[in-house]
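Using the working numbering, the first residue of the sequence shown is number 5, and each one after it goes up by one.
For each residue, glycine too, the CB sits at the ideal point set by N, CA and C.
Since we're looking at a predicted model, the values are computed, not measured.
Notes to accompany the following structure.
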Amino acid sequence: MISIFSQNAPAKDRRYVFKKSNKNKQTVYRESDYTLLIRGNKFRQGDLLLVKLIQNKGLSYDLSKIKLFWNGKKLKTSGIDKNHYITFLPLPPEIEPGIYEIGLHYLKNKNFYYKYYAIQVKKAPFQVRRTRRINPLKLSPRFSPEQKLSEETVAFIQKCEQIKKEVYLSDSPLMVNENFGMPLNKNIINSPFYIKRYYSANSAGKPHSGVDLKGRVGDPIFAIQNGKVVLSSSMYFEGLFTVIDHGHKIFSLYMHQSKTYVKAGDFVKKGDLIGRIGKSGRVTGPHLHWGMKVNDVLIDPLSVVNLMIFD
Ligand SMILES: [Zn+2]
């Protein structure tokens, strides 16, 4: 849950404070062969949903035989123990609000069963922020798309794109065994997820792909969950950029660092020091840009932290 204060303050002074809430909205369907739980924060565009299959008391149906579908696409499930199977459902920020369904197929006594559960996806109040006119001369050249880039720079940007593409192909088993945490000691949001900002008078920037957390150069950054580092190197836009693979196609992204303590291939635990805040890449000042990617969909990192996976 995010609470917003100082609403009347000038846009540049507005701050969003993060509050952890364990009041998840959820729906539980108790069926004769299993129990299905669908949980999310607000079921809004950009949210992560948890789908959990739970063994009914006294039954021993093999939950791994139950197949889950979203939009006709099979969802990968992971057993967290014999009685609980989970999967994650990222709602893309651009998804049309409305009714969607989760399909469930299973075989029992040689009969196929098909069930469908409705999910209502709500509209998220993504913000649009029109900043004051920015003097283009004061901006880092990395902001300006009109700027002529050298051949070397173009080649470097292309190389970065290729590296990132490969990183997100990683498909590891789930390494999550507790709820997600926050990356900083003090987490103050300077810029929320999917806000549309204007970098120059005429051109709107792309919607914000993560959240920006306030910080000073050198402030410590911690892994938000157990996982395997799949990238930790300098990129053109992201600066010193670390990506952690948490398995099940869940990745956390940490940008603009001044220092990193990890390298690709390292395993980290939730809370491990992985780097320090900086202002590398395309930035106007020091901060941590923190992103979350699940099944190739960029979602609101706060919806991940607010989601109770284990309770
Ligand atoms: Zn950002």
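Could you check if residue i belongs to the surroundings of ligand 2, using beta carbon to heavy atom distance under 7 Å?
i, result
"GLY214", "Questions concerning ligand 2 fall outside what the structure shown contains, since the ligands it does hold are ligand 1."
Quick check on residue i: does DSSP put it in helix, strand or coil?
i, result
"GLU182", "coil"
"THR264", "strand"
"PRO305", "helix"
"LYS69", "helix"
"GLN30", "strand"
"ILE99", "coil"
"GLU105", "strand"
"VAL158", "helix"
"ILE253", "According to the sequence provided, residue 253 is Lys. The question's Ile does not apply to it. Of the three classes helix, strand and coil, the one that applies to LYS253 here is coil, per DSSP."
"ILE199", "coil"
"LYS46", "coil"
"VAL233", "strand"
"LYS190", "coil"
"GLN131", "coil"
"LYS297", "strand"
"LYS126", "strand"
"ILE228", "coil"
"ILE313", "coil"
"VAL171", "helix"
"LYS78", "strand"
"LYS218", "strand"
"LYS163", "helix"
"LEU63", "coil"
"ASP276", "coil"
"PRO211", "coil"
"SER36", "coil"
"TYR120", "strand"
Using a Cβ-Cβ cutoff of less than 6 Å, which residues in the same chain neighbour residue i once the five nearest sequence positions on both sides are dropped?
i, result
"LEU153", "none"
"ILE303", "GLY50, LEU52, PRO94, MET296"
"PHE130", "TYR198"
"VAL132", "LYS200"
"ARG48", "LYS126, ALA128"
"ASP223", "ILE281"
"ASN26", "With a pLDDT of only 44 at ASN26, under 50, the local geometry of the prediction cannot be trusted, and the value read off the model is given with reservation. The answer, listed in chain order, is MET312."
If distances are taken between C-alpha atoms only, which option among the options comes closest to residue i?
i, options, result
"LEU188", "ASP85, SER213, ARG280", "ARG280"
"LYS267", "ASP223, MET239, VAL247, ASN299", "VAL247"
"GLY251", "SER68, PHE271, VAL215", "PHE271"
"MET179", "ASP249, LYS210, ILE161", "ASP249"
"TYR125", "VAL132, ILE106, LEU67, LYS114", "For clarity, residue 125 is Val in the given sequence; the question names Tyr instead. Comparing Cα-Cα distances from VAL125 to each of VAL132, ILE106, LEU67, LYS114, the minimum goes to ILE106."
"LEU79", "ASN183, ILE193, ASP85, ILE70", "ILE70"
"LEU41", "LEU67, ASN181, ILE90, MET186", "ILE90"
"LYS86", "SER174, ASP276, TYR38", "TYR38"
"VAL308", "HIS260, ARG220, GLU182", "GLU182"
"MET259", "ASP216, GLN229, ASN230", "ASP216"
"PRO96", "THR81, ASN194, SER213", "SER213"
"PRO196", "ILE254, LEU292, GLY222", "LEU292"
"SER36", "ASN45, LYS46, GLN59", "GLN59"
"PHE245", "GLU156, GLY209, ILE167", "ILE167"
"LYS77", "LEU311, ILE313, MET312, ASN299", "ASN299"
"MET239", "TYR172, GLY269, MET186, CYS164", "CYS164"
"PRO101", "ILE161, ASN194, LYS46", "LYS46"
"LEU311", "PHE92, SER174, HIS88", "PHE92"
"VAL301", "TRP294, GLN162, GLU155, LYS253", "LYS253"
"ASN194", "SER174, TRP294, ILE278", "TRP294"
"VAL171", "SER68, GLY269, ILE278", "GLY269"
So residue i and residue j are in contact, right, with Cβ under 8 Å, and what is the actual spacing, rounded?
i, j, result
"TYR110", "TYR117", "5 Å"
"SER185", "LYS274", "First, the amino acid is wrong: residue 185 is Gly here, not Ser. About 6 Å separates the two Cβ atoms, so the contact holds."
Use the C-beta contact count for residue i: other C-beta atoms within 10 angstroms, 16 or more gives buried, fewer gives exposed.
i, result
"LEU63", "exposed"
"ASN191", "buried"
"GLU98", "exposed"
"THR264", "buried"
"VAL158", "exposed"
"GLU242", "buried"
"PRO305", "buried"
"ASP315", "exposed"
"VAL32", "exposed"
"LYS218", "buried"
"GLN229", "buried"
"ASP66", "exposed"
"SER256", "buried"
"LEU235", "buried"
"LYS169", "exposed"
"ASN57", "The sequence shown places Leu at residue 57, not Asn. Its Cβ being crowded by 16 or more others within 10 Å, LEU57 is buried."
Quick one: residues in its chain with C-beta nearer than 7 Å to the C-beta of residue i, no 5 flanking neighbours on either side, listed in chain order?
i, result
"SER176", "LYS232, ASP249, GLY251"
"ASP276", "PHE226, ALA227"
"ARG134", "TYR202"
"ILE84", "ILE90"
Grab me the residues of residue i's own chain with a C-beta within less than 8 Å of its C-beta, minus the 5 sequence neighbours each way, in chain order.
i, result
"PHE73", "LEU79, ILE106, GLY107, LEU108, HIS109"
"ASN75", "TYR104"
"LYS283", "VAL221, GLY243, HIS260, SER262, GLY289, PRO290, HIS291"
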